[in-house]
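Which chain is which? The protein sequence lines are A and B, in order.
Numbers given in this note's numbering equal positions in the first sequence, counted from 1, plus 9.
Numbers given in this note's numbering equal positions in the second sequence, counted from 1, plus 9.
The beta-carbon is built from N, C-alpha and C at its ideal position, and this holds for glycine as well.
Have a look at the structure below before the remarks.
2 protein chains.
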Amino acid sequence: MAAELHKKIRVILADDHPVVRDGLAAMVNQQPDMEVVAEAGDGEAALALYEQHHPDVMVLDLRMPKRDGLAVVQRVMEINPKARLLIMTTYDGDEDIFQCLSHGAKGYILKDAPRPEILSAIRAVSEDRPYTSSTVAAKALQRMAKPSLTERELDVLELVAQGRSNKDIARRLSITEGTAKTHVKSILTKLDAISRTEAVAVAHKRGLIRL
Amino acid sequence: MAAELHKKIRVILADDHPVVRDGLAAMVNQQPDMEVVAEAGDGEAALALYEQHHPDVMVLDLRMPKRDGLAVVQRVMEINPKARLLIMTTYDGDEDIFQCLSHGAKGYILKDAPRPEILSAIRAVSEDRPYTSSTVAAKALQRMAKPSLTERELDVLELVAQGRSNKDIARRLSITEGTAKTHVKSILTKLDAISRTEAVAVAHKRGLIRL
DNA sequence: GGCCGCCTCCCCCAGATGGGAGAGGCGGCA
DNA sequence: TGCCGCCTCTCCCATCTGGGGGAGGCGGCC
């Protein structure tokens, strides 16, 4: 075994739930071919530990304090474009999936996945092979057919989701109420929604907004 | 150790994420005074296993397939009003907390809690002592000061959250558009919201609706 | 029996929302 | 240079939404 130690897949875990980290760590460390070299409870710690250890695989939760999973993906890919990142999260909105994969994550897996699937995902990503279940991949493809919202539209959408009126949105963004209406209208069109409330529901489902 | 076996706190874990069950199980089984006697991945399995094992404590996730945590709490309390249930979830809306506790759950803890807190919660509940962190307890108290929505209002709220118009809601519930409006109006009043979209945002935050 | 909460329905009306069409300025990109 | 996407703003108008009343039927509870 000692002769094989240096061949082990070195894994970093980043998740804000200690319980999840424990579970993953137990699973990983039981495997003869992989080991956990570090654990992070938030995005900044994940980044720091990545630079320190340069692991073969980093398993990332999407929702984390300080810096979310997507932000970590972007930063890590700047540091090392060959980094192997596996997203492991409960969020299955097409926007999340699309963003992570298009920014360079090698895999995307859901937290309710059975143990064997999680382990094979880690192995696949460690060998630089992409891993995405068919349902997840299908969502990423779906998303590609849909129009993207502009930055400004996302600003407006967030306020709409908070229940703000057009007038209120205009005030907060320092634009005219008419302009706010224009943005809302194009949001409705792009999300294929009839009312602002439906737009919020759709945006939620797609992962365009959080909470 | 054999002499003490029968004194161990017998725990059932119910959570739809295998990873979380693993993590919890590892934590629990490392303790000399407790052991996991069964694990469930959905609400119905949790019920069946409860009746089979009658554990000292059952740790329950709120969001589970087939039957959610609250439904399990209600059913278990019917079977055994002295049951000791600990809710462990990511949802911290006051409605969830209030409902679970008022239906007889002994404890409510969040998944991002540190390991020691989780273990002491299990111990507390096993001794029939309530366990709720101060933040969680505060939310339950907050909720008590707020007006409850009626069944019908919850039906309407759900459709509002899906982005349906009053006319659409009326059709689906087989009532007049005027009546739908009446319900929406009282929802707005009770949730202290100005618009239906704001009502949805508030309802979301409070845990009155899911997804 | 009487009270009260819930659900149902009705009226009126000011203001917000959504749909259509157009237009100027600005920055990136070919 | 010209094109194009984005952000900004404008006008018009049908419809929806939200706020103010009121009222009848029904069931539970005291």
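Asked, Found
"Is there a C-beta anywhere in chain B that falls below 9 angstroms from the one on A/Met-36?", "yes"
"Between B/Tyr-100, B/Arg-30, B/Ala-149 and B/Tyr-59, which lies nearest to B/Val-82 when the distance is taken from Cα to Cα?", "B/Tyr-59"
"Give the interface partners of B/Asp-65 over in chain A, defined as CB-CB distance under 9 angstroms, in chain order.", "Correct list: empty, because the minimum Cβ distance to chain A is about 20 angstroms."
"Answer yes or no: do A/Asp-101 and A/Thr-144 have a C-beta to C-beta separation smaller than 9 angstroms?", "yes"
"Taking all protein chains shown into account, decide if A/Arg-180 is buried (16 or more other Cβ within 10 angstroms of its Cβ) or exposed.", "exposed"
"What residue range is occupied by the uninterrupted alpha helix (DSSP H) comprising A/Leu-158?", "Taken as a continuous stretch (DSSP letters only), A/Leu-158 belongs to no alpha helix (DSSP H), as it is neither H nor E."
"For chain B, check one thing: does any of its Cβ atoms lie closer than 9 angstroms to the Cβ of A/His-26?", "yes"
"I want to know whether the segment 121–138 of chain A touches the segment 83–101 of chain A - three or more CB-CB distances under 8 angstroms.", "yes"
"Out of A/Ile-106, A/Gln-171, A/Lys-155 and A/Val-169, point me to the one whose CA is closest to A/Ser-140's CA.", "The sequence given here has Tyr at residue 140 of chain A, not Ser. Checked all of A/Ile-106, A/Gln-171, A/Lys-155 and A/Val-169; the closest Cα to A/Tyr-140 is A/Ile-106."
"Does the beta carbon of B/Leu-182 come closer than 9 angstroms to any beta carbon on chain A?", "no"
"Taking DSSP as the reference, what is the three-state secondary structure of A/Arg-19?", "strand"
"Just curious, the beta strand (DSSP E) that A/Ile-96 is in, first and last residue?", "94–98"
"Can you find at least 3 beta carbon pairs, one from the segment 202–213 of chain A and one from the segment 167–177 of chain B, that sit closer than 8 angstroms?", "yes"
"Please report how far the alpha carbon of B/Met-153 lies from the alpha carbon of B/Leu-110, in whole angstroms.", "12 angstroms"
"Return no unless some Cβ of chain B is closer than 9 angstroms to the Cβ of A/Glu-104.", "no"
"Whole angstroms are fine: how far does the CA of A/Arg-72 sit from the CA of A/Leu-56?", "15 angstroms"
"Along the chain, which unbroken stretches of the alpha helix (DSSP H) at least 4 residues long are found entirely within the segment 151–210 of chain B?", "160–170, 175–182 and 186–200"
"When you compare the CB positions of A/Arg-215 and A/Glu-104, do they come within less than 9 angstroms of one another, or not?", "yes"
"Start and end of the alpha helix (DSSP H) containing A/Ala-133?", "124–135"
"In the segment 145–165 of chain A, which residues sit with their C-beta less than 8 angstroms from some C-beta in chain B, listed in chain order?", "none"
"For the putative contact between A/Leu-69 and A/Val-45, defined by C-beta atoms under 8 angstroms, what is the C-beta separation to the nearest angstrom?", "Not a contact, Cβ separation roughly 14 angstroms."
"Please go through the same chain and pick out, in chain order, the residues whose beta-carbon is closer than 6 angstroms to the beta-carbon of A/Thr-99, but skip the five residues on each side of it.", "Lys-120"
"Determine, for A/Glu-60, whether the minimum Cβ-Cβ distance to residues of chain B falls below 9 angstroms.", "no"
"Does DSSP put A/Ile-218 in a helix, a strand or coil?", "coil"
"Which whole-angstrom value describes the C-beta separation of A/Gly-32 and B/Val-28, a residue pair presumed to lie in contact below a C-beta threshold of 8 angstroms?", "4 angstroms"
"Alpha carbon to alpha carbon, how far is A/Ala-149 from A/Thr-198? Give it in angstroms, no decimals.", "21 angstroms"
"What ranges does the beta strand (DSSP E) occupy inside the segment 15–70 of chain A, keeping only unbroken runs of at least 3 residues that lie completely in it?", "18–23, 43–49 and 66–69"
"Among B/Met-97, B/Pro-74, B/Glu-53 and B/Ala-47, which residue has its Cα nearest to the Cα of B/His-63?", "B/Ala-47"
"Run down chain A in chain order and give the residues with a C-beta less than 9 angstroms from the C-beta of B/Arg-124.", "Pro-27, Val-28 and Asp-31"
"Answer with buried or exposed for A/Leu-220, where buried requires no fewer than 16 other C-beta atoms within 10 angstroms of its C-beta.", "exposed"
"Measuring straight from C-alpha to C-alpha, what distance separates B/Pro-156 and B/Leu-200?", "8 angstroms"
"With distances taken Cα to Cα, identify the nearest neighbour of B/Gly-50 among B/Met-43, B/Met-67 and B/Glu-186.", "B/Met-67"
"To the nearest angstrom, how far is the alpha carbon of B/Leu-158 from that of B/Arg-76?", "22 angstroms"
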